[in-house]
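Below: one structure, written as structure tokens.
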Amino acid sequence: MRRFLSPRWIARHVAMVVLVGTFLALGWWQIGRAAGGNALSYGYAFEWPVFALFVIFVWYREIRGELGDPTARAPAKIREPVLRATLPVPSRPVVAADPAEAADPELNEYNEYLAWLNAHPDAKPADYRRARAAGATIRTSGPSPE
């Protein structure tokens, strides 16, 4: 129990006593105001003792943590990230099985956009819009002509 008499712990004990005393005094003050006709003070008269109980709860948890298993206080080890194999990227566009889907120009444009993003992983969506606005042909697969 000598560890709870260190300067660090004495400061914690004093802080707990001061906070609990202050919160209970503020609760008593709010009870007096509520009795004087301030209806809002009834809520505060309940709230301040709850704050005092919370301070006692945190102080108790700190003591229990100090008395507990020293290995339980050690921070958790950070696991190394697991590298997963990526799936192969299809070299040709996927053809829709439903002819109604193939005839949808909005879907085709969106699929072209996704294929372009897949072929240019470091590019931003604005790069695609600039390439379309410049009238460049959008290559989605295959080797570059350079």
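Residues in the sequence shown are numbered from 273 upward in steps of one, following the working numbering.
No residue lacks a Cβ here, since even glycine has one placed at the ideal position from N, Cα and C.
**Message:** For a quick check, are the C-beta atoms of I328 and A317 less than 7 Å apart?
**Reply:** no
**Span separating the alpha-carbon of G340 from that of R333** = 10 Å
**Request:** Could you have a look at G299 and say whether DSSP puts it in helix, strand or coil?
**Result:** helix
**Message:** Just to confirm, is the Cβ distance from W331 to G299 under 7 Å?
**Reply:** no
**Message:** Any heavy atom of the ligand SAH inside 6 Å of the beta-carbon of P393?
**Reply:** The ligand SAH is not part of the structure shown, which contains no ligands of any sort.
**Request:** Can you give me the Cβ contacts of V354 inside the same chain, cut-off strictly under 7 Å, excluding the 5 residues immediately before and after it?
**Result:** none
**Prompt:** What's the gap between the Cα of R402 and the Cα of A395?
**Reply:** 11 Å
**Message:** Quick check: what's the CA-CA separation for E381 versus H392?
**Reply:** 16 Å
**Asked** Do you know offhand how far F323's Cα is from K349's?
**Response** 34 Å
**Prompt:** Does the separation of the CB atoms of A306 and Y314 fall below 7 Å?
**Reply:** yes
**Asked** Between which two residues does the alpha helix (DSSP H) containing L379 stretch?
**Response** 377-391
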